[in-house]
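Step one of this worksheet: look at the structure below.
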Amino acid sequence: QDVNDHSPRLLPLYNASLREDALTGAVTDQLFILSLTAADADAGPNGNVTYRIISGNEGSRFRLDAISGNLSLVAALDYETTRDYTLRVQAADGGSPPRISTSSILISVLDVNDETPQFKQSNYAMSIPETLPVGEKFLLVEAVDPDSGLNGLVSYRLMHNGSSGTVEFPFNISKDSWLSATFPLDREQSTTASLPRLRLFGTFVATVLATDPDLGENGAIVYSLLRAEGAGDGAFAISASAKSGVVTLAARLDSAVQAEHRLTVQACDLGQPPKCSKAQLVVSVTPENRASPVFSAPPGGYKFRVLENATRGQAVGRLIATDADPGVNGLLRYSLLAGGSGSFVVDAASGILSVARDDALDRESQSVHYLTAVAADSGNPSRSATVDVEVGIDDVNDAAPTFPSGGASFVVNISESSPIRYPVARLVAKDADVGSNGVISYSLATGEGDGGLGDFSIDSSSGLVTVAKALDRETRPYYVLYVVAKDAGWPQLSSSGTVSVSLIDVNDSPPRWMPGSHDGVWQFSIAENSPAGTLIGNLLAQDADEGENAYLLFRLLSATASDGSGFPLSAFSLV
1 QDVNDHSPRL
11 LPLYNASLRE
21 DALTGAVTDQ
31 LFILSLTAAD
41 ADAGPNGNVT
51 YRIISGNEGS
61 RFRLDAISGN
71 LSLVAALDYE
81 TTRDYTLRVQ
91 AADGGSPPRI
101 STSSILISVL
111 DVNDETPQFK
121 QSNYAMSIPE
131 TLPVGEKFLL
141 VEAVDPDSGL
151 NGLVSYRLMH
161 NGSSGTVEFP
171 FNISKDSWLS
181 ATFPLDREQS
191 TTASLPRLRL
201 FGTFVATVLA
211 TDPDLGENGA
221 IVYSLLRAEG
231 AGDGAFAISA
241 SAKSGVVTLA
251 ARLDSAVQAE
261 HRLTVQACDL
271 GQPPKCSKAQ
281 LVVSVTPENR
291 ASPVFSAPPG
301 GYKFRVLENA
311 TRGQAVGRLI
321 ATDADPGVNG
331 LLRYSLLAGG
341 SGSFVVDAAS
351 GILSVARDDA
361 LDRESQSVHY
371 LTAVAADSGN
381 PSRSATVDVE
391 VGIDDVNDAA
401 PTFPSGGASF
411 VVNISESSPI
421 RYPVARLVAK
431 DADVGSNGVI
441 SYSLATGEGD
451 GGLGDFSIDS
461 SSGLVTVAKA
471 LDRETRPYYV
481 LYVVAKDAGW
491 PQLSSSGTVS
501 VSLIDVNDSP
511 PRWMPGSHDG
521 VWQFSIAENS
531 PAGTLIGNLL
541 AQDADEGENA
551 YLLFRLLSAT
561 ASDGSGFPLS
571 AFSLV
């Protein structure tokens, strides 16, 4: 027979790296971080090794399967909060007592570009003189990004008003986030331009407006285009009027040839000599939004699974769509159209589907959620695609076995002569979980006294309580049996019920003389001249049975004189 003289052997240190957006979920053959394998030279139970995490698992983000040793991620990571984890793990064999060994797992979290740069101020405002030299720095704007490396490196650019396309003063922002002027400034100048997406000849581009406080011809304004940087010469025209200048498209534009055109617009009054002012108009040409997004989903849509105890933010899966258009026309945003009862959310940028809130899922209430997801591009008009998403909810052992109403307590009367294996009562529990989490076994537990252990037994599968050995009401007339129903999940959950058993008497006990006789002989003395009816003595006996079985009847069988001679029975009577 094997002696447990070998401890399981683990490596002193294990290393693993995980992206902070790594998917979470139950361990499968393809989805786990690493697998522990401890060698134990012993045989039988002494060589069967189980594993567990003993420290370092803050937030219960990791799960170590006790049998396979597979380590999996069960809660979302965040590089910006915690960049590494050190788990202390234990391997124990099945000996008695068990032998154990320990090791450490160092898990490094890899940064993902999941943080948005944030300006140190939500609004910057200042006044500058119109005499500010071109190129002179006048305002520093700063933004920070919690990501690391290139993911946290912030670059800056000035954006035109996205809704109206209004361009006011021509400014530039440098790589080190300083603003400067690119044209001479004029406080009296107020030039605006509207920037729709352009495609056809004659398309309206912008209206430019200048004001002149002078009167008469000195305040009348005419507009002209001086030059266009790049391939824009001759592509635009401006029509002059008394109040504004309208810029239109004079030739077909191709965004593949020139995506941006910088026009210099001049406004001059009719005074002598004329006074003029210039402004820059930037025209961005965007390609036509021709392609719709396409989801990279298998036939029938996405199918994901997640544990029912998943908490808010735990990733379920990732939706992936592509768009053949370049630029903003191919920039996709994800959303959920319907389904899920608010239990899930999708990140608009990454497409990661996650649990919306704590306690959102309950397999016993709803085992499958059906969602419809949308991927929409940023073109104008936008194009979109939809996909079906099915999320199956995996069971967690969160429901204890329960006895139906009235089924957890039995009161039973049986004969004390009931044979072995005589059925007493059957307790049936239900468990809402599935698989091993819902498999129930029954046992008897100690309660008052020994709880009837040894006198009764229970079938572990059916819950049937039977007589285990001969009963004797005179020794023990009443039992309270405590029945425990346990599931096979982890952690194991249980509930209990009771069976109160009263034994019905059987006339199986003979009367016994009470103390007072000497070797079974009662001795009394009486005077020889005692009259009839004189009380000679009291004979006392008892019966351990109850009821009618314990009622006693006395009668004289014979009478003999002390000298051995016969004695007439008629001389005595029992009262």
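If you read the sequence shown in full-length UniProt numbering, its first letter stands for residue 1, the second for the next number, and so on. Don't be surprised by glycine CBs; every beta carbon is placed ideally from N, CA and C.
The criterion of a C-beta distance shorter than 9 Å is not satisfied by D2 and A38. Between the C-alpha atoms of P8 and G149 there is a straight-line separation of about 41 Å. Rounded to the nearest whole angstrom, the C-alpha separation of L139 and G301 is 51 Å. Taken through DSSP and simplified to helix, strand or coil, E80 comes out as coil. As summarised for the UniProt domain "Cadherin" (406 to 513), the continuous beta strand (DSSP E) elements at least 3 residues long and confined to that stretch are 409 to 415, 423 to 426, 440 to 445, 456 to 458, 464 to 467, 478 to 487, 494 to 504, given in chain order.
For the set F344, D508, N15, the Cα lying nearest the Cα of D358 is the one of F344.
Leaving aside the five residues that flank A75 on each side, the residues in its chain whose CB is nearer than 7 Å to its CB run, in chain order, T24, G59, S60, R61, T311, Q314. In terms of Cα proximity to G317, the closest of A16, A22, L10, Y442 is A22.
Shown here for V387: same chain residues with a beta carbon closer than 6 Å to its own, the five before and five after excluded, namely F295, A297, G301, A373 in chain order. The shortest C-alpha to C-alpha distance from P274 to any of G219, F171, D347, G537 is the one to G219. A residue is called buried when at least 16 other Cβ atoms come within 10 angstroms of its Cβ; S103 meets this threshold and is buried. Taking a contact as a CB-CB distance under 8 Å, the pair V499 and V424 counts as one, their CB atoms being some 7 Å apart. Listed as beta-bridge partners of H261 by DSSP are V283.
With distances taken between CA atoms, N4 lies nearest to A92 out of E20, L36, A92, L34. The beta carbon of L270 sits closer than 6 Å to those of E217, A220, all from its chain and outside the five residues before and after it, given in chain order. Shown here, N123 sits in coil according to DSSP, grouped into three states, outside any helix or strand. With respect to the 9 Å criterion, A375 and R333 are classified as neighbours on the basis of their beta carbons.
Just measuring C-alpha positions, the residue of P515, D472, L553 sitting nearest A544 is D472.
The Cβ-Cβ distance between V391 and R363 does not fall below 9 Å. A residue is called buried once 16 or more other Cβ atoms fall within 10 Å of its Cβ, and S277 is buried on that count. With respect to the C-alpha of N437, the residue from L87, T211, I128, P491 having the closest C-alpha is P491.
As the crow flies, the alpha-carbon of R99 is around 12 Å from that of Y51. Annotated as distal: S68 and L10, with beta-carbon spacing of 9 Å or more. Nearest to L503 by C-alpha distance, out of Y479, Y223, D84, is Y479.
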